[in-house]
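Novice: Pasting in a structure now, in C-alpha cells, and then I'll have a few things to ask.
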Amino acid sequence: MNILLLHTHDSGRFLQPYGYALETPHLKTLAERGTLFRQAFSVAPTCSPSRAGMLTGQYPHNCGMFGLAHRGFSLPDYHHHMARYLTNFGYETVLCGIQHEAPNADLLGYTKILDGQAFDMGCIDFDSFAFDRENAGLVCDYLKQPRDKPFFLSFGMYNTHRKWKKHEEDIDARYVAPFPGVYNNAQNREDMADYMSSVRFCDSLVGQVLQTLEEAGLREETMVIFTTDHGPAVPGMKCTLYDGGTGVALLLDYPGNPAKGRCVDEMVSHLDLFPTICDLCQIEKPDWLEGQSLLPLLKREGPFTHRVLFSEVNYHAAYEPMRAARSERYKYIRRFDERPGHILSNIDNCPEKTFLYEYACLRDTDCSSEELYDLYADPMEKQNVAARPEYAQVREQMASSLLEWMQQTEDPLLSGAVEAPVGARVNRRDDYCAEDLAVDTEE
7 MNILLLHTHD
17 SGRFLQPYGY
27 ALETPHLKTL
37 AERGTLFRQA
47 FSVAPTCSPS
57 RAGMLTGQYP
67 HNCGMFGLAH
77 RGFSLPDYHH
87 HMARYLTNFG
97 YETVLCGIQH
107 EAPNADLLGY
117 TKILDGQAFD
127 MGCIDFDSFA
137 FDRENAGLVC
147 DYLKQPRDKP
157 FFLSFGMYNT
167 HRKWKKHEED
177 IDARYVAPFP
187 GVYNNAQNRE
197 DMADYMSSVR
207 FCDSLVGQVL
217 QTLEEAGLRE
227 ETMVIFTTDH
237 GPAVPGMKCT
247 LYDGGTGVAL
257 LLDYPGNPAK
267 GRCVDEMVSH
277 LDLFPTICDL
287 CQIEKPDWLE
297 GQSLLPLLKR
307 EGPFTHRVLF
317 SEVNYHAAYE
327 PMRAARSERY
337 KYIRRFDERP
347 GHILSNIDNC
357 PEKTFLYEYA
367 CLRDTDCSSE
377 ELYDLYADPM
387 EKQNVAARPE
397 YAQVREQMAS
407 SLLEWMQQTE
417 DPLLSGAVEA
427 PVGARVNRRD
437 DYCAEDLAVD
447 TEE
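In my numbering, the protein residues as written are 7 to 449.
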C-alpha cells in the first residue's frame, strides 16, 4: 500500500470539516470519503518537536528533539525516522517541500527528495505561495511516473505558517470572526482573513494532488493522511499546551477503510500514526513506538483508549519547559521554571500579539506553576481551578499521572534544566520576539 502524507504548518483544526467558516472543500471531501478525528493531538505545540514526534513515534524528549531544527537542534539518531524505517521494507521514500525534523533533509533517509532545495525555516521574506505551488507540481509529476515499488511520499506545505499573504478581494474581513479567544477588532479580523486565504490555498494544492492521484490510478492503493503540526500562530495557541496549541486536524483514508465518513470523538495522538501505518501496510512495528495503532478504533474491534495524552515544550525561540497531561475531561499543565510572566519571544509576531502587548495584557502577567482545567465546563481553558478545594483530588490524580509518565519515559526535565546543544540559537527570556538577537549557546 502506498502512503501519501500531506501536512501544513500552524493550522490546528481551523478548517471547514471541523466546523469553521473556511473554504477548504477538498479537505471536506477527504473527510467525507475517509475518517475525521475530532480529538487528535500533537505531542508538542512547536514545529520540530511535533514533527519529530509524529515521524519517529516517540515523545520529543525520547527522540531527542528539544527545539527547532533551523536553530541548531537535531535528533541524535535519525534511524528512528519513519522514512528511513520504511525504506528497510522496500518503500521508495520521497520528500517534497517542508521538513522540519533535521537541519539538513539528507539526514532523514529519504531515497528521493523532489525539490532539492535547502530551505531555512527562519526565512520570512519569500513567496510561500510560489514555493508550495511549485512543490505541488513536483508531487503531481512524481505521481504520474511509473514505479516498481510502493511509495511513502511526504508533501509538506509552508502555508499556513506566517507571514500570511494579504487575502484576496473576495474574502471580506468585515464579515469574518477572529480566532476563538481573540478580541474582535478590525486588525484581528483582517489577520483571520489572511489566514483564510492561506488555508484556502493549501486546500487547492491538496485537491490538485488528490486529483492527480486519482487520474494516475493510485487512489485505491494509497493511504492518504492529512494533518498539521500544531495550532495557529496566535497568542494562547502555538507554543502553549492548551488545546489551541496541541489540537490538530487529522484526516485518514485508505483502501477498505471500514470507518469511511465517520467522525471519531476518541482522543488520538500523532504518535498513533506510525503504528497504524505499520499495521495497514502489514510490516513489523519497531520496538521504540510509544503510540498505539488506530486500527482497532477504525474497525471497532477490540479496545482502544488513551486514558491520558501527554505533551511538552522545551525550547521554541527561548527556553520554556512545560509538560501537560490531558484526559477527556481535564487538562493539567506543569511549568518547570520560575518566571514573572509570558516569554514573549515564544509568541509569534502578529496583530493579536501587538494588540495585547500595547494594552498590557501580556506584560507583567503571572503564570501559575500548575494549571488545571475542567474541559467540560471550560473548553477554552480560561479558568484555572488548580487551587480550588473541590478539584483537589482531580489535581492530585492528574499530577500523579504526569509524574508517572515523566518517570517511565525518563524525562530529563526531572533532573533539572534541559541544556541546549552547543551552537544552538536561543533567545533571551526578556526578548520581545524571536527576531531579536538570538544568542548562541557556548562551549
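Yeah, the Cβ is synthetic: ideal placement off N, Cα and C, and Gly gets one too.
1) Identify whether Glu318 lies in helix, strand or coil by the three-state DSSP scheme.
2) How many Å lie between Asp271 and Glu221 at the Cα?
3) Compare the C-alpha of Ser374 against each of Lys118, Asp16, Cys53, Glu344 and name the closest.
4) With DSSP as the reference, identify every bridge partner of Thr99, one or two as the case may be.
5) Just list the residues that DSSP pairs Ser275 with in beta bridges.
6) Going straight from the alpha carbon of Asn94 to that of Ala179, what length do you get?
7) In terms of DSSP beta bridges, what is Glu376 paired with?
8) Out of Ala46, Gln105, Tyr65, which one is the CA nearest neighbour of Ala75?
9) Can you find at least 3 beta carbon pairs, one from the segment 202-211 and one from the segment 30-38, that sit closer than 8 angstroms?
10) Tell me the rounded alpha-carbon separation between Phe157 and Val424.
11) Quick check on DSSP: helix, strand or coil for Arg4?
12) Could you please give me the residues that DSSP links to Asn8 through a beta bridge?
13) Going by beta carbon distance, what residues of the same chain come within less than 6 angstroms of Ile353, once the five residues before and after it are set aside?
14) Where are the alpha helix (DSSP H) runs, 4 residues long or more, that stay fully inside the segment 189-220, in chain order?
15) Could you tell me the distance, in whole angstroms, from the CA atom of Arg313 to the CA atom of Pro357?
16) In terms of residues, what are the limits of the beta strand (DSSP E) holding Tyr26?
17) Can you tell which of Pro186, Leu315, Gly59, Tyr26 has its C-alpha closest to the C-alpha of Val205?
18) Return the chain-ordered list of same chain residues with a C-beta closer than 7 angstroms to the C-beta of Gly162, the five sequence neighbours on each side being excluded.
19) Classify Val424 as helix, strand or coil using the three-state DSSP reduction.
20) Would Asn194 count as contacting chain B if we go by Cβ distances under 7 angstroms?
21) Can we count Glu175 as close to the ligand SAM, meaning its CB is less than 6 angstroms from some heavy atom?
22) Looking at the secondary structure, which residues open and close the alpha helix (DSSP H) in which Pro55 lies?
23) Kindly list the residues whose CB is nearer than 6 angstroms to the CB of Arg225, restricted to its own chain and excluding five residues on each side of it in sequence; keep chain order.
24) What residues are listed by DSSP as bridge partners for Thr14?
25) Would Cys269 be called buried (16 or more neighbouring beta carbons within 10 Å of its own) or exposed?
26) Are there three or more Cβ pairs, one per stretch, closer than 8 angstroms when the segment 231-245 is compared with the segment 44-54?
27) Within 10 angstroms of its Cβ, does Gly262 collect 16 or more other Cβ (buried), or is it exposed?
28) Within the continuous beta strand (DSSP E) that includes Pro327, where are the two ends?
29) In this structure, how does DSSP classify Cys287 when only helix, strand and coil are distinguished?
30) For Leu257, report the span of its beta strand (DSSP E) as first-last.
31) Helix, strand or coil for Val400? Go by DSSP, reduced to three states.
32) With contact counted as at least three CB pairs below 8 angstroms, one residue from each stretch, are the segment 387-395 and the segment 311-326 in contact?
33) With Glu140 as the anchor, note down where its alpha helix (DSSP H) starts and where it stops.
34) Have a look at Met60 and Val400 and give me their C-alpha separation to the nearest angstrom.
35) Nearest-angstrom Cα distance between Thr284 and Tyr189?
36) Please classify Thr41: does DSSP put it in a helix, a strand, or coil?
Specialist: Taking the geometry as given:
1) In the sequence shown, counting from the first residue as 1, residue 318 sits at position 312. Correct three-state label for Glu318: strand.
2) Numbered from its first residue, the sequence shown carries residue 271 at position 265. Numbered from its first residue, the sequence shown carries residue 221 at position 215. For Asp271 and Glu221, the distance between alpha carbons rounds to 33 angstroms.
3) The residue labelled residue 374 in the question sits at position 368 within the sequence shown. Considering only alpha carbons, the answer is Glu344.
4) Looking up residue 99 in the sequence shown gives position 93. BP columns for Thr99 point to Phe158.
5) Within the sequence shown, the letter at position 269 stands for residue 275. DSSP output for Ser275 lists Phe47 as bridge partner(s).
6) Counting from one through the sequence shown, the residue named residue 94 turns up at place 88. Counting from one through the sequence shown, the residue named residue 179 turns up at place 173. Roughly 50 angstroms separates the two Cα atoms.
7) Counted from its first residue, the sequence shown places residue 376 at position 370. Paired residues: Arg340.
8) Position 69 of the sequence shown holds residue 75. Of Ala46, Gln105, Tyr65, the residue nearest in Cα terms is Gln105.
9) yes
10) As a first step, residue 157 is located in the sequence shown; it is residue number 151 there, counting from the start. As a first step, residue 424 is located in the sequence shown; it is residue number 418 there, counting from the start. Looking at the two C-alpha atoms, the distance is approximately 37 angstroms.
11) For the chain, the structure presents residues 7 to 449; residue 4 sits outside this window and is missing.
12) Translated into positions along the sequence shown, residue 8 becomes position 2. Answer is Thr228, bridged to Asn8.
13) Taking the first residue of the sequence shown as 1, we reach residue 353 at position 347. Counting only Cβ-Cβ distances below 6 angstroms, and skipping sequence neighbours, we find Pro241, Lys359.
14) none
15) Numbered from its first residue, the sequence shown carries residue 313 at position 307. Numbered from its first residue, the sequence shown carries residue 357 at position 351. So the alpha carbons of these two residues sit roughly 37 angstroms apart.
16) Locating residue 26 in the sequence shown gives position 20, counting from the first residue. That residue, Tyr26, is in no beta strand (DSSP E); it is neither H nor E in DSSP.
17) Position 199 of the sequence shown, counting from 1, holds the residue named residue 205. Measuring from the Cα of Val205, the nearest candidate turns out to be Tyr26.
18) Taking the first residue of the sequence shown as position 1, residue 162 is located at position 156. Hits under 7 angstroms: His13, Gly103, Ile104, Gln105.
19) Counting from 1 along the sequence shown, the entry for residue 424 is found at position 418. It is coil, neither helix nor strand.
20) The structure shown contains no chain B; it holds only a single protein chain.
21) The ligand content of the structure shown is nil, which means the ligand SAM is not present either.
22) Counted from its first residue, the sequence shown places residue 55 at position 49. Its alpha helix (DSSP H) spans residues 53-62.
23) Residue numbering aside, residue 225 sits at position 219 when the sequence shown is read from its first letter. Contacts found: Leu219.
24) Numbered from its first residue, the sequence shown carries residue 14 at position 8. Thr14 is bridged to Thr234.
25) The sequence position of residue 269 within the sequence shown is 263, counting from 1. Burial call: exposed.
26) yes
27) Residue 262 sits at position 256 when you count from the first residue of the sequence shown. It is exposed - the Cβ of Gly262 has fewer than 16 other Cβ atoms within 10 Å.
28) Position 321 of the sequence shown holds residue 327. Unbroken beta strand (DSSP E) run through Pro327: 325-332.
29) Residue numbering aside, residue 287 sits at position 281 when the sequence shown is read from its first letter. Reduced to three states, the DSSP call for Cys287 is coil.
30) Translated into positions along the sequence shown, residue 257 becomes position 251. Run containing Leu257: 256-259, per the beta strand (DSSP E) assignment.
31) Numbered from 1 along the sequence shown, position 394 holds the residue referred to as residue 400. Three-state DSSP puts Val400 in a helix.
32) no
33) On the sequence shown, residue 140 is found 134 positions in, with the first residue counted as 1. Start and end: 134-149.
34) Here residue 60 refers to the residue found at position 54 of the sequence shown. Here residue 400 refers to the residue found at position 394 of the sequence shown. Their backbone Cα atoms lie some 29 angstroms apart in a straight line.
35) Mapped onto the sequence shown, residue 284 falls at position 278. Mapped onto the sequence shown, residue 189 falls at position 183. One point to set straight first is that residue 284 is Cys, not Thr, in the sequence displayed. Looking at the two C-alpha atoms, the distance is approximately 44 angstroms.
36) Here residue 41 is taken as the residue at index 35 of the sequence shown, counted from 1. Residue state, collapsed to three classes: strand.
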